[in-house]
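Chains as they are written, first to last, in the working numbering: chain A, 11 to 136; chain B, 11 to 136; chain C, 11 to 136; chain D, 11 to 136. Before any comments, here is the structure.
There are 4 protein chains.
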Amino acid sequence: MDLKGTLIETLGMEITTLEAGKVIATMPVDDRTRQPFGLLHGGASVALAETVASVGAFQLIDQEKQAVVGLEINANHIRGKKEGVVTAIATVLHQGRKTMVWDIKIVDEEEKLVCVSRCTMAVIDL
Amino acid sequence: MDLKGTLIETLGMEITTLEAGKVIATMPVDDRTRQPFGLLHGGASVALAETVASVGAFQLIDQEKQAVVGLEINANHIRGKKEGVVTAIATVLHQGRKTMVWDIKIVDEEEKLVCVSRCTMAVIDL
Amino acid sequence: MDLKGTLIETLGMEITTLEAGKVIATMPVDDRTRQPFGLLHGGASVALAETVASVGAFQLIDQEKQAVVGLEINANHIRGKKEGVVTAIATVLHQGRKTMVWDIKIVDEEEKLVCVSRCTMAVIDL
Amino acid sequence: MDLKGTLIETLGMEITTLEAGKVIATMPVDDRTRQPFGLLHGGASVALAETVASVGAFQLIDQEKQAVVGLEINANHIRGKKEGVVTAIATVLHQGRKTMVWDIKIVDEEEKLVCVSRCTMAVIDL
C-alpha cells in the first residue's frame, strides 16, 4: 500500500505492527496534528484511529475480490497531550462477511489512554 | 485564533462563516486529505467536523473564564469523493452550562451529503 | 407488523406517523421507562430511537426480497424528564443500496430536545 | 437502589456482579425484549448497556455529594439472538473528576459477542 500523497503521510503516521486482526501505528504530536491551543487535535486522533482500523480490515479481506470502506466511527477524547508521540492499537472485535467492527485505543508514551474509538467497516464484493 | 502550526492549516481547512451557533468551513480533497485508494480519508472528514464544532463552541463561551474540550465525536461516512472541495456546516443542537452538542454535515459541491457527525463538547470553568 | 409480544408494546410505544422516509412515535415516561431516580431511562430513549429508525427503514425496502438490521446506534441525552410523553421523529439521512442512515430527535410536549440519535441500518438481500 | 417501577425491572434485568469499576447484569430474550421479527431488540441491548454503565458509575462517586447522568451512548449490534439470556459486562475505561467512560460488552450463553457499547457519563456535584 503506497502511503505517499495521503493523509497518513501528511500527519506523520507510521504503521509499526501489522498482524491478522491487529494493527499498531504511531503519530507525532506536533504542528501537523495540534489544535490552536497547543494540544493534540481530537480530529487527528480519530484520523489515526480510522487509519489503523482500515489497514487492519484491508488485511483480513480477499484483496483481489473485495474492498473495505468506513461506515461509522466514534471516539472519546480522554486525555490531552502537548508533544511527543501517540500510539494506536487496533484490534478486530467482529469479523463478519459484510461488516467488521474494530476497537482502537490510543495511548501516550506511558500507556495512558488518550482516546478510545470504535470503527464499523463495510466489506464490499468487487 | 491563530491557525498557523495546526492540523487546521495542515489539511487546508478554511473557516468561511462564523456566527453564534453556526460555523461553516471548507477543506480540499487532495494529497493532504486522501487515503491510499484516492478517496477522501474518513479521518479527514472527522477532523473537519471536530474543527467546526470546536470553533463554534468556542464562540459561545465566555472566553476569559471558560474553555471547551471535545468529549466525544461520531460520524457516518456516506459518499466517497476523489477531488474538489468539501464544506462542513456545524449547528448547535444543545447549549448547556456544562456541555454542548453540535450537529455537523459535510457536503460536496452539489450539496450531496458526504459525512454526518455529532460532537459533544465539555464547557470548563477556568 | 404485529407489535404484540415485543419491546415496543412492553414500553408503551405507539407509532403515530408512517411515511416514506419519516416515522413518528410516542412513548410514556412512567414506571415502564424510568430509571431508579425517577427520570426517563436513557436506554428507553435509545430503544424508542432504534424502533422508529427500524420501522422507517423497513418501509423503504422491498419487503419480499430484503430485510433490514440495525448495525450501529448512538445517542446524546440532552434533557431529563420525569413524567408525560416523549415523541420521536425519525427522518432518513441516507438511503443507499446496502445501508441507510437515520436521524432521530426525541422531544417533550413543548418540543424541547430530550435526546438526539443516529442509527445505521444494513439492507440485506434475502 | 430500588429497581421496582423502573425499566430495569420491566425488561427483567438482574445485576449479578457489582464491584468497583465492574458491573455484570443479565437480561432475558423474551416477549419483553424482542422486536417484531422475533430477535432481541437492539434497543433492549442498549438499555442494558446504559443500565450497567450507570450502576457502575454510581458506585464510583461520593453518593451524598455527587450524581451521575448519561451524556452519550453508542453501540454496535453484532449478532442476533432469539431466546435465552444475554449478559452485559461493564468496565470503566476512564474515571475522571467530571466524566467517566465505560466499555460494555454483551454476550450470549457461549460468550459470543452480541453487542458492544461505550457510554459517557457526567459526574455532577450536588
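Ideal Cβ positions, reconstructed from N, Cα and C, are used throughout, including at glycine. Quick caveat: nothing in here was measured; it's all calculated off a predicted structure.
List the residues of chain A whose Cβ lies closer than 9 Å to the Cβ of Asp41 of chain B, in chain order.
-> Lys14, Gly15, Thr16, Leu17, Glu19 and Thr20
Using a C-beta cutoff of 8 Å, does Arg128 of chain A count as contacting chain D?
-> yes
Whole-angstrom Cβ separation of Lys91 of chain B and Leu123 of chain B, contact assumed at under 8 Å?
-> So it is not a contact: roughly 11 Å between Cβ atoms.
Going by other Cβ atoms of all chains shown within 10 Å of its Cβ, with 16 needed for buried, is Gln45 of chain D buried or exposed?
-> buried
Pick helix, strand or coil for Ala63 of chain C, following the three-state DSSP scheme.
-> helix
What is the DSSP secondary structure of Gln69 of chain A, counted as helix, strand or coil?
-> helix
State the CB to CB distance for the pair Ile71 of chain C and Val111 of chain C, rounded to an integer number of angstroms; the pair is presumed to be in contact (CB under 8 Å).
-> Not really, about 14 Å apart at Cβ, beyond 8 Å.
Whose C-beta lies closer than 7 Å to the C-beta of Leu21 of chain C among residues of the same chain, with five residues either side of it excluded?
-> Met37, Arg42, Thr43, Ala54 and Ala57
Could you check which residue in A:Ile114, A:Ser127 and A:Phe47 has the C-alpha nearest to that of Ser64 of chain B?
-> A:Phe47
Cβ of Ile88 of chain C less than 8 Å from any chain B Cβ?
-> yes
Does the Cβ of Ala98 of chain A have 16 or more other Cβ atoms within 10 Å, making it buried, or fewer, making it exposed?
-> buried
Thr109 of chain B versus chain D: which residues are under 9 Å apart at the beta carbon?
-> Leu81 and Ala132
Listing by chain order, which chain A residues have their CB less than 8 Å from the CB of Leu123 of chain D?
-> Leu103 and His104
Touching or not, the segment 69 to 87 of chain A and the segment 73 to 87 of chain B, by the rule of three or more beta carbon pairs under 8 Å?
-> yes
Ends of the beta strand (DSSP E) at Thr16 of chain C?
-> From DSSP, Thr16 of chain C is part of no beta strand (DSSP E); its letter is neither H nor E.
Can you list the residues of chain A that Ala54 of chain B reaches, using a CB-CB cut of under 7 Å?
-> Leu17 and Ala57
Give the C-beta separation of Val126 of chain C and Arg128 of chain B to the nearest angstrom, bearing in mind that I take them to be a contact with Cβ-Cβ under 8 Å.
-> 7 Å
Give the interface partners of Pro46 of chain B over in chain A, defined as CB-CB distance under 8 Å, in chain order.
-> Met11, Asp12, Leu13, Thr16 and Ile18
Which chain B residues are close to Ala67 of chain A, counting only those with a beta carbon under 8 Å from its beta carbon?
-> Under the 8 Å cutoff, chain B gives no residues; its nearest Cβ is about 12 Å from Ala67 of chain A.
What span of residues does the beta strand (DSSP E) with Arg128 of chain D cover, start to end?
-> Leu123 to Asp135
Taking 8 Å as the cut-off, decide whether the C-beta atoms of Leu136 of chain D and Gln76 of chain D are in contact.
-> yes
If the cut is a Cβ gap below 8 Å, which residues of chain A does Glu60 of chain B touch?
-> His51, Gly52, Gly53 and Val56
Measure from the alpha carbon of Thr101 of chain C to the alpha carbon of each residue in C:Leu13, C:Leu17, C:Val33 and C:Thr26, then state which is nearest.
-> C:Val33
Cα-Cα separation between Gly66 of chain A and Ile18 of chain A, rounded to whole angstroms | 14 Å
Closest by CA to Thr16 of chain A, which one among B:Asp40, B:Asp113 and B:Leu103?
-> B:Asp40
Do you know offhand how far Val95 of chain A's Cα is from Asp118 of chain A's?
-> 7 Å
Just the Cα atoms here: how many angstroms apart are Val79 of chain C and Glu121 of chain B?
-> 28 Å
Local Cβ density within 10 Å of Glu93 of chain A, reported as buried at 16 or more and exposed below that | exposed
Give the DSSP bridge partners of Thr36 of chain C, in chain order.
-> C:Glu24 and C:Thr97
Taking all protein chains shown into account, decide if Ala30 of chain C is buried (16 or more other Cβ within 10 angstroms of its Cβ) or exposed.
-> exposed
As assigned by DSSP and simplified to three states, the class of Leu50 of chain D = strand
On the three-state DSSP scale, how would you describe Ala85 of chain B?
-> strand
For Thr130 of chain D, I'd like the list of residues in its chain whose CB is within less than 7 Å of its CB, leaving aside the five on either flank, ordered along the chain.
-> Leu81, Glu82, Thr109 and Val111
Can you say whether Asp12 of chain A is buried or exposed, counting buried as having 16 or more other CB atoms within 10 angstroms of its CB?
-> exposed
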